[in-house]
Each structure stands twice: as C-alpha cells, then as structure tokens.
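Enquirer: According to the working numbering, numbering within the sequence shown proceeds without interruption in unit steps and concludes at 504. Every residue, glycine too, gets a C-beta built ideally from N, C-alpha and C.
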Amino acid sequence: MASRCWRWWGRSAWPWTPPLSVGSIPSFRHQFSTQETTPQICVVGSGPAGFYTAQHLLKQHPQAHVDIYEKQPVPFGLVRFGVAPDHPEVKNVINTFTQTAHCGRCAFWGNVEVGRDVTVPELREAYHAVVLSYGAEDHRALEIPGEELPGVCSARAFVGWYNGLPENQELKPDLSCDTAVILGQGNVALDVARILLTPPEHLEKTDITKAALDVLRQSRVKTVWLVGRRGPLQVAFTIKELREMIQLPGTRPILDPVDFLGLQDRLKGTAWRQSTMLTEVPRPRKRLTELLLRTAMEKPGPEEAARRASASRAWGLRFFRSPQQVLPSPDGQGAAGVRLAVTRLEGVGEATRAVPTGAMEDLPCGLVLSSIGYKSRPIDPSVPFDSKLGVIPNVEGRVTDVPGLYCSGWVKRGPTGVIATTMTDSFLTGQMLLQDLKAGLLPSGPRPGSAAIQALLSSRGVQPVSFSDWEKLDAEEVARGQGTGRPREKLVDPQEMLHLLGH
Ligand code: FAD
2 MASRCWRWWG
12 RSAWPWTPPL
22 SVGSIPSFRH
32 QFSTQETTPQ
42 ICVVGSGPAG
52 FYTAQHLLKQ
62 HPQAHVDIYE
72 KQPVPFGLVR
82 FGVAPDHPEV
92 KNVINTFTQT
102 AHCGRCAFWG
112 NVEVGRDVTV
122 PELREAYHAV
132 VLSYGAEDHR
142 ALEIPGEELP
152 GVCSARAFVG
162 WYNGLPENQE
172 LKPDLSCDTA
182 VILGQGNVAL
192 DVARILLTPP
202 EHLEKTDITK
212 AALDVLRQSR
222 VKTVWLVGRR
232 GPLQVAFTIK
242 ELREMIQLPG
252 TRPILDPVDF
262 LGLQDRLKGT
272 AWRQSTMLTE
282 VPRPRKRLTE
292 LLLRTAMEKP
302 GPEEAARRAS
312 ASRAWGLRFF
322 RSPQQVLPSP
332 DGQGAAGVRL
342 AVTRLEGVGE
352 ATRAVPTGAM
362 EDLPCGLVLS
372 SIGYKSRPID
382 PSVPFDSKLG
392 VIPNVEGRVT
402 DVPGLYCSGW
412 VKRGPTGVIA
422 TTMTDSFLTG
432 QMLLQDLKAG
442 LLPSGPRPGS
452 AAIQALLSSR
462 GVQPVSFSDW
472 EKLDAEEVAR
482 GQGTGRPREK
492 LVDPQEMLHL
502 LGH
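(1) Within the 9 Å Cβ cut-off, does V369 reach chain D?
(2) Let me check one thing: in DSSP terms, what residues is G302 bridge-paired to?
(3) I'd like to confirm something about L79: is its beta-carbon nearer than 8 Å to some heavy atom of the ligand FAD, or not?
(4) Throw me the rounded Cβ distance for the V327 and E148 pair, which I believe falls under 8 Å.
(5) Evaluate T425 with the Cβ neighbour count: other Cβ atoms within 10 Å of its Cβ, from every protein chain shown; 16 or more gives buried, anything less gives exposed.
(6) Quick check on this structure: which residue in P444, A310, G367, T358 has the alpha carbon closest to the alpha carbon of V339?
(7) Closer than 8 Å to a non-hydrogen atom of the ligand FAD - does that hold for the CB of K376?
(8) Which whole runs of the beta strand (DSSP E) in the region 173 to 217 are 3 residues long or more, in chain order?
(9) May I ask you to list the residues that DSSP assigns as paired with V115?
(10) Assign H103 to one of three DSSP states: helix, strand, or coil.
(11) Is P86 near the ligand FAD, with its Cβ less than 8 Å from a heavy atom?
(12) Please go through the same chain and pick out, in chain order, the residues whose beta-carbon is closer than 7 Å to the beta-carbon of E497, but skip the five residues on each side of it.
(13) Going by the beta-carbon positions, is the gap between Q64 and R106 smaller than 9 Å?
(14) Give me the Cβ distance between F238 and L370, rounded to the nearest whole Å; I'm assuming they're in contact under 8 Å.
(15) In angstroms with no decimal places, state the Cα-to-Cα distance between R354 and L234.
(16) Spatial neighbours of T277 within its chain, please: CB distance less than 6 Å, with the 5 preceding and 5 following residues excluded, ordered by chain position.
(17) Can you give the beta carbon distance from G144 to V113, rounded, assuming they're within the 8 Å contact cut?
(18) Roughly how far, in whole angstroms, is the beta-carbon of A181 from the beta-carbon of V225, given that I think they are within contact range, below 8 Å?
(19) Using beta-carbon positions only, say whether L227 and G317 come within less than 9 Å of one another.
(20) Is the beta carbon of P509 within less than 8 Å of some heavy atom of the ligand FAD?
(21) I'd like the list of long-range same chain contacts for R319, defined as Cβ closer than 6 Å, with 5 residues on each side in sequence excluded.
(22) In three-state terms, what does DSSP make of P1?
(23) Would you please state the rounded distance, in angstroms, between the beta carbons of L434 and V119? I believe it to be under 8 Å.
(24) Would R231 pass as a contact of F321 if the rule is Cβ separation under 9 Å?
(25) Please confirm whether Q56 and F98 have their CB atoms less than 9 Å apart.
(26) Run through DSSP, which three-state label would F109 get?
(27) How many Å lie between L279 and Q325 at the Cα?
(28) Please give the ranges of any alpha helix (DSSP H) in the region 235 to 276, keeping only runs that are unbroken, at least 4 residues long and fully inside the region.
(29) Below 8 Å, is the gap between the Cβ of I373 and the nearest heavy atom of the ligand FAD?
(30) When you compare only the Cα positions, how much space is there between D494 and L501?
(31) Taking the beta carbon of G161 as the centre, do at least 16 other beta carbons fall within 10 Å, making it buried, or is it exposed?
(32) With respect to 8 Å, is the separation between the Cβ of Y70 and the closest non-hydrogen atom of the ligand NAP below this value?
(33) What did DSSP end up calling I95 once you bin it into helix, strand or coil?
(34) With distances taken between CB atoms, is the gap from V45 to L176 smaller than 9 Å?
(35) In terms of residue numbering, what span does the alpha helix (DSSP H) encompassing Q325 cover?
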C-alpha cells in the first residue's frame, strides 16, 4: 500500500524520499529502525494545512498511518467555505487532497469536533503524535459602538453564507440598501465586494449556494466602499485580485487622486528613500501601487471610458479613515452609516501607522461588513494558546512545552497567507514531526489510533463521516447542480447530509 501512496506524488527534495519501493531501500528503512511499530498520527482539521501535513507524513514515512478528524461532515476547510465561488481554479487543490485521502494509510473522520466529541488528551493517548490544523474560525471584532446593530456582520460570516457554511445559513443579509461599506482592504474584502457587485448571471454557473444567489438577484446595492486606516501603499490585497476588481463587468472604480499625490515620486525612488529610509519598494508592492496609480490618475482609453460610463454599479477605496462607530438608523433597527476618523501616517516602512487628525466624517450606508481579519480559538485547556496573537505557541510547528503535539496552517502562524504558504508551512511541520520520530522523541510501543477513538465516539453517540461517505455527498451535490448547469448545488444542512448517508 505504501508504494501506491507516493507514486501519485512523485519525488520531492526531502532526503528520505524513496525512489521506487520502500522495502528495497535498506538505508531508508534504517531511518526509522528505532520505531518498530506503525506510527499512528492524527491531524485535527481537513483544510489545506491538515491535508498537506498528512500528505507529507504519508509520502515521507512508508508505514505512517494518518487519521484526519474534521468537525464538518465535509472536508477541505476554507477551500470549500472560503475561496470565492467565481475562482474555481483555486479549488483544484481538492484533487490533490482527494489523492491523499485515497491513500490506504489515511482515513478521514468527518462530523467529529475535537474539544467537544473527543478531547486533545484523548487523542494524545491514542496516537503517537497529534497535529492541530484547525484553522482560524473566529473574526476579529471591530470593538466600536453600534457593531451589534442589524445590518452589521463580519465578512467571515458573509463568505460562509454564500459558500454554504452550515453555521452561517441563517445570516440572510439585507441587501435592500444602496450602499455597503466594507471595513478592511485585504483580499477577503475584495472577494466580498466582488460578490456583492458581480452581475448575478455571472454567478449562476458557480457553486455559490442557491439561497445566496436568490438574495443577490434581489440586491439593490449599487456602491461598495472599502475603507482602510492607512494609504494606498499599505493595502493588504494583491494585484491579481485588484485587476479583477478593476475589470469587473458593469462596475467602475472610484479612487480619489488626492490620495495618490506624491506616490509616483516615491515609487521612482528618491522621495521614497528619503522618507522611509528603505532602499526600494518591494517589486510586488510597486506593481500593485502602479496599477492603483494608473486607475486613479490616468484618463482611461475610449473603450474603458465608455465601459465605465455605462456601469450601473461602483466600488471605491476610502483611504486614511478609521471606523469609530456604526451609526444607527432613526428607528434603531439597522445601520445608517459609519463614523470615520480621518487619519494621517506616522512612522516609516513596515512600522507606518495611522494616527487620527481629529477630523471626523460620516459615510452613509445600510450594510457594514467588517473584514479586519480572522482569529483562531483555543481548543482545549491542555493546549497552550496565545490569545493576543491568536495562535498556538510553537517552534516550527512543535507546540511549545508539549512533546508529541504539533500544529500547522493558520492556527500555527496566524490567519494570513494563501494555500501555497499553508502548504510550505505544513510540510515543515510534517518534517519536524518525522525528525522527532526518528530521534525517538515520540512515545514508543504500539498505539491504538482510530480504534480507541471510534470506541469513544460510538459510546458518545457520534457518527463519523468517512471519505467514501463524503464522495456520496459530493456525487449528490454534483447531480443536484446538473439540472441547472452548475458545477454542484452544495448541501448546507448537516442533518440532511447525515440523513442522505443513512446515519
Ligand atoms: P482552514 O482552511 O480553515 O481549515 C481548518 C479546518 O479545521 C476546517 O475544515 C475546520 O472545519 C476544521 N476544524 C476547526 N475546528 C475544529 C475542531 N475543533 N475539530 C475538528 N475540526 C476542526 N488562498 C488562496 O490561495 N486562494 C484564494 O482564493 C483564497 N481565498 C480565500 C478566501 C477567504 C474568504 C479566506 C478566509 C481565505 C482564503 N485563502 C485563499 C486562504 C486559504 O484559505 C488559507 O491559506 C487556508 O485555508 C488555511 O488553511 P488551514 O487548514 O490552516 O485552515
């Protein structure tokens, strides 16, 4: 079975990678000779971090068995519930994850919430090592008055709603207003703005939920503002997402040229060097800023000018504004706007921060979405947690002071970075775990692995969902989508999923 697993992935740079067959390579066998039993490893979370960690372990150790526990009945974390429905190419990583799940030494146990259905100490008892890859499921609160008003929600919940995350299906945002304000200027903020403004017929062929599509069809939102405390040089989104926004059909960008004054000189070098003491603006940042500058300052060609003139919707970037309060509507039943403090920049380079000038401004709107970041939750009292940084304290994936416990992905390094970043850091965690295994730092002797945990779960009335169960749900979703020409119609109710599986 072992050779079957890694043939799919080919060779890697990792020095222990066997070229063809594990059994025929004595030196490879010797690497793990101190560990006579099958290493039983479990991973908590089936997002990119969980799957990439599992992939690394299975590929680099010919006997390791990896169980992946996932609280949702379905796998893939933010690839399913975060990545925008109009970016299907990003979801191709699911093919790689599926190959990992098909490896005979890997098992998926969905519908099992660690911390509720089974504890981390119980997992540590049953396995030689436990890897926590449970992501960052909370959002950072704005901590301003009015945040609790109807009409205010987190971008996290909004994304979960349109992507079919069960816990967000009750959100049903009210899109009857003219203007929406997104607080934040990162890629998630751009995703949300794009979904709000994309002509619904363009979303019809995606895997956005039918309920979300129906609401978006009725939307009256015409303008979306993305508000940031700092300036154009500090935006957190990337150039590909910005370019897509600028070219979004039926919309025009609103950028205030005043925000860009002097930026050209800074990019050229002299003024930037003088004011920041940095030698150069990093190249990706330079290209991004140039695109913003061109959009804000240059007169568009005739074709683009005509496109913008006929656009019925608009989006804009509001720089140097810090939210102070969500203003209530006269009846107190909704949001009427956001009070913003005007800011200016202080400090240089990475340390540049926004400080209030004392001026205030009200931005009218009926919908407020906060997109200022995700945050991990602590999972168990026995697992250290840095609540300030929102991560599990660790050194290269080894959880501080807890031998045999590891972490990867957003819970390891904080909620930033794309899937590729998560892959690299998960491989590193896998590498550290295998180093410890080789050095004899993990418990010796056999461990029961899933057998013990299944007995516990069964005694608690928990019915796990296997990967082949997921494949039945997957087939059902694809079949439901076929009638309407969509790639799938996502199942959004866990009870219905379990019912379909006969659980
Ligand atoms: P997650 O993907 O969140 O996976 C964590 C998993 O753990 C989830 O399945 C969760 O259900 C499970 N879990 C949580 N708690 C428990 C528990 N107690 N027990 C068991 N299981 C649990 N990157 C790109 O490259 N391209 C994009 O287009 C892109 N779009 C994005 C859009 C959004 C809205 C967001 C938020 C992120 C996006 N990213 C994108 C970033 C990418 O999604 C992350 O880098 C990646 O998902 C992080 O992986 P993770 O496994 O650490 O976390």
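Expert: Quick look at the numbers:
(1) The question asks about chain D, but that chain is absent: this structure has only one protein chain.
(2) Counting from 1 along the sequence shown, the entry for residue 302 is found at position 301. Paired residues: none, contrary to the question.
(3) Along the sequence shown, read from residue 1 onward, the residue named residue 79 stands at position 78. A heavy atom of the ligand FAD is found nearer than 8 Å to the CB of L79.
(4) Against the sequence shown, residue 327 aligns to sequence position 326. Against the sequence shown, residue 148 aligns to sequence position 147. Right, the Cβ-Cβ distance comes to about 6 Å (below 8 Å), so this counts as a contact.
(5) Along the sequence shown, one-based indexing puts residue 425 at 424. Under this definition T425 is an exposed residue.
(6) Position 338 of the sequence shown, counted from the start, is the residue given in the question as residue 339. Out of P444, A310, G367, T358, G367 has the C-alpha closest to the C-alpha of V339.
(7) Reading the sequence shown from its first residue, position 375 is the one you call residue 376. The answer is no for K376.
(8) 180 to 184, all fully within the region 173 to 217.
(9) The sequence position of residue 115 within the sequence shown is 114, counting from 1. DSSP output for V115 lists V119 as bridge partner(s).
(10) Here the question's residue 103 lines up with position 102 in the sequence shown. H103 falls in the helix class under three-state DSSP.
(11) For the purposes of this step, residue 86 is taken as residue 85 along the sequence shown, with counting starting at 1. For the ligand FAD, not one heavy atom lies less than 8 Å from the Cβ of P86.
(12) Here residue 497 corresponds to residue number 496 of the sequence shown, with the count starting at 1. For E497, where only same-chain residues beyond five positions count, there are no Cβ hits under 7 Å.
(13) Looking up residue 64 in the sequence shown gives position 63. Looking up residue 106 in the sequence shown gives position 105. For Q64 and R106, yes; Cβs fall inside 9 Å.
(14) The residue labelled residue 238 in the question sits at position 237 within the sequence shown. The residue labelled residue 370 in the question sits at position 369 within the sequence shown. That belief does not hold up - the Cβ atoms of F238 and L370 are roughly 15 Å apart, past 8 Å.
(15) On the sequence shown, residue 354 is found 353 positions in, with the first residue counted as 1. On the sequence shown, residue 234 is found 233 positions in, with the first residue counted as 1. Distance between the alpha carbons of R354 and L234 is about 12 Å.
(16) Here residue 277 refers to the residue found at position 276 when the sequence shown is read from its first residue. With a pLDDT of 49 at T277, under the threshold of 50, the modelled position of that residue is not reliable, and no figure is offered here.
(17) Translated into the one-based positions of the sequence shown, residue 144 becomes position 143. Translated into the one-based positions of the sequence shown, residue 113 becomes position 112. According to the sequence as given, residue 144 is Glu; it is not Gly. That belief does not hold up - the Cβ atoms of E144 and V113 are roughly 33 Å apart, past 8 Å.
(18) Against the sequence shown, residue 181 aligns to sequence position 180. Against the sequence shown, residue 225 aligns to sequence position 224. A181 to V225, Cβ: 5 Å. Contact.
(19) Here residue 227 corresponds to residue number 226 of the sequence shown, with the count starting at 1. Here residue 317 corresponds to residue number 316 of the sequence shown, with the count starting at 1. Yes, they are a contact pair.
(20) Any answer about residue 509 is impossible in this case: the structure gives the chain only from 2 up to 504.
(21) The residue given as residue 319 occupies position 318 in the sequence shown. Excluding residues up to 5 positions away in sequence, W226, V228 lie with their Cβ nearer than 6 Å to the Cβ of R319 in the same chain.
(22) With the chain covering only 2 through 504, there is no way to say anything about residue 1.
(23) Within the sequence shown, the letter at position 433 stands for residue 434. Within the sequence shown, the letter at position 118 stands for residue 119. With 8 Å as the limit, L434 and V119 do not qualify as a contact, their Cβ atoms being about 20 Å apart.
(24) Walking along the sequence shown from the start, residue 231 turns up at place 230. Walking along the sequence shown from the start, residue 321 turns up at place 320. A contact, by the Cβ cut-off of 9 Å.
(25) Counted from its first residue, the sequence shown places residue 56 at position 55. Counted from its first residue, the sequence shown places residue 98 at position 97. Contact flag set, yes.
(26) Looking up residue 109 in the sequence shown gives position 108. Three-state result, F109: strand.
(27) In the sequence shown, the residue the question calls residue 279 occupies position 278. In the sequence shown, the residue the question calls residue 325 occupies position 324. Note that L279 has pLDDT 48, beneath the 50 cutoff, so the model's placement of it is unreliable and the number below is only indicative. Taking the straight line joining both Cα atoms gives about 32 Å.
(28) 240 to 247, 264 to 269
(29) Position 372 of the sequence shown, counting from 1, holds the residue named residue 373. Relative to the non-hydrogen atoms of the ligand FAD, the Cβ of I373 never comes closer than 8 Å to any of them.
(30) Mapped onto the sequence shown, residue 494 falls at position 493. Mapped onto the sequence shown, residue 501 falls at position 500. Cα-Cα distance, rounded: 11 Å.
(31) In the sequence shown, the residue the question calls residue 161 occupies position 160. Taking a 10 Å sphere around the C-beta of G161, we find 16 or more other C-beta atoms and assign the residue as buried.
(32) For the ligand NAP, the structure offers nothing, since it holds only the ligand FAD.
(33) As a first step, residue 95 must be located in the sequence shown, where it is residue number 94. Three-state result, I95: helix.
(34) Here the question's residue 45 lines up with position 44 in the sequence shown. Here the question's residue 176 lines up with position 175 in the sequence shown. No.
(35) Here residue 325 refers to the residue found at position 324 of the sequence shown. Q325 -> not in any alpha helix (DSSP H); beta strand (DSSP E) instead, spanning 322 to 329.
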